[in-house]
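Just add 11 to wherever you are in the sequence shown, counting from 1, and you've got this note's numbering.
In this text, a Cβ means the ideal position worked out from N, Cα and C, and glycines have one as well.
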Amino acid sequence: MRLRDFRYKFMFWGMKNLLAFAAVLLFSLPFAARVFAGQVRYDDSPVPGASARPVSEELLKSTVYQIFLRPFTQEGTLKSAERLLPHVASLGVKIIQLCPVALADGDADKNFWSGRQREFGLNPKNPYRQKDYFKIDPEYGSPRDLKDFVSEAHALGMKVVYDIVYFHCGPKAELIGEHPDFVRRNRDGSVKVGDWKFPELDYENPELREYMYKNMEYLVREYGFDGFRCDVEDLVPLSFWEEGARRMRKIKPGFLFFSEGIRPKNHLGTYDASYGFYWAWALIDVYQKGAPAEKLFEAEARAAREFPKGSAFLRFRENHDMAHGCKRVDAFPGRAAADSMLFLNFAVDGVPFIYNGNEIADCAPHNIFANREFGRLFIDWSKALTREGKARMGLVRKLVSMKRELPALYRGKTVWLKNSAPDRAVSFARIDGVSGQRLFCVANAKPEPAEFSAAFDAPEGFEERLSSGAEWEFSGGKLRARLAPYGYAMLEARE
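(1) Sorted by chain position, which residues of the same chain lie with C-beta nearer than 6 angstroms to G117's C-beta, five sequence neighbours on each side aside?
(2) What residues in its chain sit with their C-beta under 6 angstroms from that of L40, if we drop five residues either side in the sequence?
(3) Using 8 angstroms as the threshold, is the C-beta distance between R232 and F269 below it?
(4) DSSP state of R441, grouped into three classes?
(5) Hey, L89 and F145 are a contact pair by Cβ (cut 8 angstroms); roughly how many whole angstroms apart?
(6) Three-state secondary structure (DSSP) at H278?
(7) Can you give me the Cβ contacts of R415 inside the same chain, cut-off strictly under 6 angstroms, excluding the 5 residues immediately before and after it?
(8) Using a 10 Å radius around the Cβ and a threshold of 16 neighbouring Cβ atoms, would you call I5 buried or exposed?
(9) Name, in chain order, the residues that DSSP records as bridge partners for T425.
(10) What are the start and end residues of the alpha helix (DSSP H) that includes G188?
(11) Just grab the DSSP bridge partners of F268 for me.
(12) Could you name the residues of the same chain whose beta carbon sits closer than 7 angstroms to that of Y298, not counting the 5 residues immediately before and after it, in chain order?
(13) Measuring straight from C-alpha to C-alpha, what distance separates F83 and R339?
(14) Quick one: measure Cβ to Cβ for R578 and A358, integer angstroms, because I've assumed they're closer than 8 angstroms.
(15) From the DSSP output, read off the bridge partner residues of K263.
(16) Name the residue from P496, L219, F327 whose alpha carbon lies nearest to the alpha carbon of V75.
(17) What separation, rounded to the nearest whole angstrom, lies between the Cα atoms of E228 and F178?
(18) With H, G and I counted as helix, E and B as strand and the rest as coil, what does DSSP make of V297?
(19) Check each candidate in A166, A334, E399, T397 and name the one with the smallest Cα separation from A375.
(20) Does the beta-carbon distance from K170 to D242 come in below 8 angstroms?
(21) Does the stretch 304-315 come close enough to the stretch 97-108 to have 3 or more Cβ pairs within less than 8 angstroms?
(22) Could you tell me which residues DSSP puts in a beta bridge with I147?
(23) Which value, in whole angstroms, describes the spacing of the CA atoms of W392 and S91?
(24) Would you kindly work out how many angstroms separate the C-alpha atoms of A44 and P65, rounded to a whole number?
(25) Taking contact to mean 3 or more Cβ pairs, one atom from each stretch, closer than 8 angstroms, check whether the stretch 149-163 and the stretch 213-224 are in contact.
(26) Do you know whose CA, among D332, K424, E475, lies nearest C110's CA?
(27) If we count the other Cβ atoms within 10 Å of its Cβ and call it buried at 16 or more, is T397 buried or exposed?
(28) Spatial neighbours of R493 within its chain, please: C-beta separation below 8 angstroms, excluding the five flanking residues on both sides.
(29) So, is K429 buried or exposed, given that buried needs 16 or more other C-beta atoms within 10 angstroms?
(30) Specify, as a first and last residue, the run of the alpha helix (DSSP H) that E533 falls within.
(31) Kindly provide the ranges of any alpha helix (DSSP H) runs that are 4 or more residues long and lie completely inside the stretch 444-495, ordered along the chain.
(32) Is it buried or exposed, P10, if we count other Cβ atoms within 10 angstroms and call 16 or more buried?
(33) Roughly how many whole angstroms lie between the Cα atoms of L490 and K320?
(34) Express the C-alpha separation of F288 and L8 in angstroms, rounding to a whole number.
(35) Span of the beta strand (DSSP E) holding D159?
(36) Can you tell me where the beta strand (DSSP E) with A284 in it begins and where it stops?
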């Protein structure tokens, strides 16, 4: 049940009873029982003071590029996407995150469609509602095409992380017919569906777990994947993922696990990185909803309180879910704001994440149900030939290169700095204790000019590494800056 549903269920309670109910919900129950996206997460309790599983330096130097095949090309196939891999590699990207290509369930019964699927009514096949985990959907091509795609990515020096969807399946999924006890059941014996109206898999059944481990192994051995992005990871018991990660890393040392979730414990021994949702939601609030810039610091402070020390987060401003059915970020709040958010995602600690088309400032509408037969919504690759598109590609290549080359960016500590305009300006330092490199990073998160000052210990002054719409001066241990709307700068302290 979503939190908003409680309002209607209890609207006739007195205020006293309503407040008492809220207190029970928020304080008496453990963090594990709190609700997110309509589902109760497994064991979400914070782990303050613990240390995260060590993350490789190579991952922290890398940039992730998400490919969602349906909008990526007008054909929407693996073969057509393979032809664009040299373009992706030219950005300096080292990791591709490939959205699901498993056989999707085309059941037309709308009782088993998610809310947004019914809303748009385009296509009964949802890539995240799968019919057979071991087959490739002909919409995207053949098993041979998938092997060729991964091989070409490897030849270009890129890893491929594949998106697995293990919380739910399609209503006509092969495993339900073969193993009726693999799905959760209601008291009347009917299949239990989750918040998205898809059948929930039953991880209390050890045979289901083995079935899914075999699928993992098949994907790695058959196609050569280098990692998994685990869809709604925190709706599946962590013990399942722990064993899956152990088995995959035995097959392929260094195998990557990315969590699409907000479960702190998954960083202790299983996941290399998780989606930085607190940060992403704060970007939306600040850049698109008018919240003060300091909300970004508050989001990071919350993550620091709840997650183990050293946890790595994917830093994104758009993905296939966020681009679905709404204005793209380059359309609203616009290219300058998108540049500013992109800058922050590379400047702060973690692993930068680019959604396909971001690198050319693509504004075309996207819909996860649209493909070459339904809706026909694709990336407008002609943007790459425009001044805006060329400027964005130049910025992306510069940021990707800096992330790999500057120690303070890939292994440095993030130190948030107070400034005189916390409602507008985001300011922090990246400090690498090994090389001694120190960077000062600032961004104007608003559509009006901003002036601010901040203290920073740099006796020898600064050298500019990257800036847009920024003027600055430094004296007496204080940096004073004037930033154009959505302007930003990265300065390196002279030693």
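Taking the definition as stated:
(1) Reading the sequence shown from its first residue, position 106 is the one you call residue 117. So the qualifying residues of the chain are P135, K136.
(2) Within the sequence shown, residue 40 is the residue found at index 29, counting from 1. In this prediction, L40 has a pLDDT of 31, which is less than 50 and means its spatial position is unreliable; what the coordinates show is noted afterwards. Nothing listed; no residue qualifies.
(3) On the sequence shown, residue 232 is found 221 positions in, with the first residue counted as 1. On the sequence shown, residue 269 is found 258 positions in, with the first residue counted as 1. No, the pair does not count as a contact, with Cβ atoms beyond the cut-off.
(4) Taking the sequence shown and counting its residues from 1, one reaches residue 441 at position 430. Strand.
(5) Here residue 89 refers to the residue found at position 78 when the sequence shown is read from its first residue. Here residue 145 refers to the residue found at position 134 when the sequence shown is read from its first residue. Not a contact, Cβ separation roughly 17 angstroms.
(6) Within the sequence shown, numbered from 1, the residue matching residue 278 stands at position 267. Helix.
(7) Here residue 415 is taken as the residue at index 404 of the sequence shown, counted from 1. Once the five neighbours on either side are set aside, the close Cβ partners of R415 are K72.
(8) The question about residue 5 has no answer here: the residues shown for the chain are numbered 12 through 506.
(9) By 1-based counting over the sequence shown, the position of residue 425 is 414. In the DSSP output, where bridge partners are listed per residue, T425 has R441.
(10) Along the sequence shown, read from residue 1 onward, the residue named residue 188 stands at position 177. If you look at G188, you'll find it in the alpha helix (DSSP H) that goes 185-189.
(11) Position 257 of the sequence shown holds residue 268. F239, per the DSSP bridge assignment.
(12) Mapped onto the sequence shown, residue 298 falls at position 287. Result list for Y298: P344, A348, M352, A456, in chain order.
(13) Here residue 83 corresponds to residue number 72 of the sequence shown, with the count starting at 1. Here residue 339 corresponds to residue number 328 of the sequence shown, with the count starting at 1. About 15 angstroms.
(14) Nothing can be reported for residue 578: it is not among the residues displayed for the chain, which extend from 12 to 506.
(15) The count along the sequence shown starts at 1 and reaches residue 263 at position 252. BP columns for K263 are empty, so no partner.
(16) Counting from 1 along the sequence shown, the entry for residue 75 is found at position 64. Residue F327 is the option with its Cα nearest to V75.
(17) To locate residue 228, count along the sequence shown from 1; it is residue 217. To locate residue 178, count along the sequence shown from 1; it is residue 167. For E228 and F178, the distance between alpha carbons rounds to 18 angstroms.
(18) Here residue 297 refers to the residue found at position 286 of the sequence shown. In this structure, V297 counts as helix in the three-state DSSP scheme.
(19) Position 364 of the sequence shown, counting from 1, holds the residue named residue 375. Here the closest residue by C-alpha is A334.
(20) Along the sequence shown, one-based indexing puts residue 170 at 159. Along the sequence shown, one-based indexing puts residue 242 at 231. No; because the gap between Cβ atoms is not below 8 angstroms, this pair is not in contact.
(21) no
(22) Translated into positions along the sequence shown, residue 147 becomes position 136. The partner list for I147 (beta bridge, DSSP) reads A113.
(23) Position 381 of the sequence shown, counted from the start, is the residue given in the question as residue 392. Position 80 of the sequence shown, counted from the start, is the residue given in the question as residue 91. W392 and S91: Cα-Cα distance of roughly 13 angstroms.
(24) On the sequence shown, residue 44 is found 33 positions in, with the first residue counted as 1. On the sequence shown, residue 65 is found 54 positions in, with the first residue counted as 1. Unreliable placement is indicated for A44, whose pLDDT of 34 sits below 50; the coordinate value is still reported in the next sentence. Going from the Cα of A44 to the Cα of P65 covers about 28 angstroms.
(25) Touching, no.
(26) Within the sequence shown, numbered from 1, the residue matching residue 110 stands at position 99. In terms of CA proximity to C110, D332 leads the group D332, K424, E475.
(27) Along the sequence shown, read from residue 1 onward, the residue named residue 397 stands at position 386. It is exposed - the Cβ of T397 has fewer than 16 other Cβ atoms within 10 Å.
(28) As a working note, residue 493 is residue 482 in the sequence shown. These residues qualify, in order along the chain: P460, A461, E462, A481, E482, W483.
(29) Position 418 of the sequence shown, counting from 1, holds the residue named residue 429. K429 should be labelled exposed.
(30) It is not possible to answer for residue 533, since the shown part of the chain is limited to 12 through 506.
(31) none
(32) Residue 10 lies beyond the stretch modelled for the chain, which goes from 12 to 506, so this question has no answer here.
(33) Residue numbering aside, residue 490 sits at position 479 when the sequence shown is read from its first letter. Residue numbering aside, residue 320 sits at position 309 when the sequence shown is read from its first letter. Roughly 30 angstroms between the two C-alpha positions.
(34) Given that the chain is displayed from residue 12 to residue 506, the structure contains no residue 8 and the question cannot be resolved.
(35) For the purposes of this step, residue 159 is taken as residue 148 along the sequence shown, with counting starting at 1. Taken as a continuous stretch (DSSP letters only), D159 belongs to no beta strand (DSSP E), being part of the alpha helix (DSSP H) at 154-166.
(36) Translated into the one-based positions of the sequence shown, residue 284 becomes position 273. Taken as a continuous stretch (DSSP letters only), the beta strand (DSSP E) holding A284 covers 284-286.
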